[in-house]
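Trainee:
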Amino acid sequence: MSHIFPLPSDLPEFLSPYLPKSVEAKPFVTLTYAQSLDSKIAAKPGTRTAISHLETKTMTHYLRSVHDGILIGSGTVLADDPGLNCRFKENGNINTPRPIILDPSFKWDYKGSKLELLVSRNESLKPWIIINDDSNDNIKEKIQYVENSGGRIIKIARNSDGKIKWEDILKTLHRLRIKSLMIEGGAKIINDLLERDDLVNSLIVTIGPTFLGQQGVDVSPLELVKLENTQWWTGTQDVILAANLQHN
């Protein structure tokens with residue numbers, strides 16, 4: 001396992017008010033991502049774009065270490081092929097959260113992925129994949145491969161709009177003993193959840209000193225969203241905003 005940049009000594013105290021606490025009926029949800037000054041998370045759709053400094057990348061691994069699960073969407077897993085592991089050590093120990101992929105149509109393939117490689121090295125946990133409960137027969141082989149590899153397929157019904165409700169996702173994960181969940185993207189998930197003050201407990205945003213331009217992938221809610229309990233941390237290159245979504 002590769003080493004990571006040291007965590008700035010004042011970051012744990014700064015983040016402490018926004019870290020998981022006990023929440024009834026659903027997981028404690030932390031929405032976190034890195035963006036440019038013009039509110040973009042990638043230079044183009046489907047591409048991976050480096051925004052964060054090494055020290056704020058380490059913060060991401062620190063945050064992972066204090067959550068039970070990490071959730072990303074199908075667009076992010078297809079674009080980035082992420083490891084979804086934790087490399088932050090505390091007292092020589094690593095607390096690895098459960099990788100959870102929200103992929104209703106099951107477009108991603110676990111077989112041959114970076115995550116599968118890390119699992120084979122005992123550097124990550126086997127994934128849980130959330131799909132529609134009416135998924136077609138074309139994905140049967142993918143389902144069998146994940147389940148035979150020790151992963152879990154979670155089938156959740158769509159609502160009348162043809163989407164899986166966040167309430168159903170969180171309720172299901174809570175029942176499976178995911179008491180705290182770190183949601184890292186992508187853009188559609190971030191935009192959805194920025195408007196859900198009833199579901200998101202903490203917002204932690206890394207802002208890098210760059211503009212990605214008008215071709216970039218925006219993150220912005222449809223309606224006005226105000227924040228409260230805001231704090232700012234300034235690092236070598238980036239700033240971090242930690243806040244709560246203001247209840248409407």
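Taking full-length UniProt numbering, the leading residue of the sequence shown gets 1, the next gets one more, and so forth.
Ideal Cβ positions, reconstructed from N, Cα and C, are used throughout, including at glycine.
(1) Could you tell me which residues DSSP pairs with VAL217 in its beta bridges?
(2) So ILE169 packs on ILE156, CB below 8 Å; how close in whole Å?
(3) Assuming GLU184 is part of the beta strand (DSSP E), what are its boundary residues?
(4) Under the rule that 16 or more other beta-carbon atoms within 10 Å means buried, what is GLN35, buried or exposed?
(5) Name the residue from PRO127, GLU55 and ARG158 whose alpha carbon lies nearest to the alpha carbon of GLN237.
(6) Counting only the same chain and skipping the five closest in sequence on each side, list residues whose C-beta sits under 7 Å from that of GLY185.
(7) I'd like the list of long-range same chain contacts for PRO104, defined as Cβ closer than 7 Å, with 5 residues on each side in sequence excluded.
(8) Determine the direct distance from the alpha carbon of ASN244 to that of GLU223, and round the result to whole angstroms.
(9) Compute the Euclidean distance between the alpha carbons of PHE5 and LYS57, then round it to the nearest angstrom.
(10) Taking the runs of the beta strand (DSSP E) that are 3 residues or longer, which of them lie wholly in the region 94 to 177?
(11) Can you tell me whether PRO20 is buried or exposed? The criterion is at least 16 other CB atoms within 10 Å of its CB, across all chains shown.
(12) So what's ASN91 in DSSP terms, helix, strand or just coil?
(13) Assuming ALA43 and GLY216 make a contact with CB atoms under 8 Å, what is their CB distance in whole Å?
Mentor: By the coordinates alone:
(1) ALA42
(2) 6 Å
(3) Unbroken beta strand (DSSP E) run through GLU184: 180 to 185.
(4) By the beta-carbon neighbour count (other beta carbons within 10 angstroms, threshold 16), GLN35 is buried.
(5) GLU55
(6) Around GLY185, the same chain offers TYR33, ILE41, ILE72, GLY73 and THR76 as residues with beta carbons nearer than 7 Å, after the five sequence neighbours per side are excluded.
(7) Closer than 7 Å at the Cβ level, and outside the excluded window around PRO104, lie ILE131, ASN132 and ILE164.
(8) Put simply, the backbone Cα of GLU223 is about 16 Å away from that of ASN244.
(9) 8 Å
(10) 98 to 102, 128 to 132 and 152 to 156
(11) buried
(12) coil
(13) 5 Å
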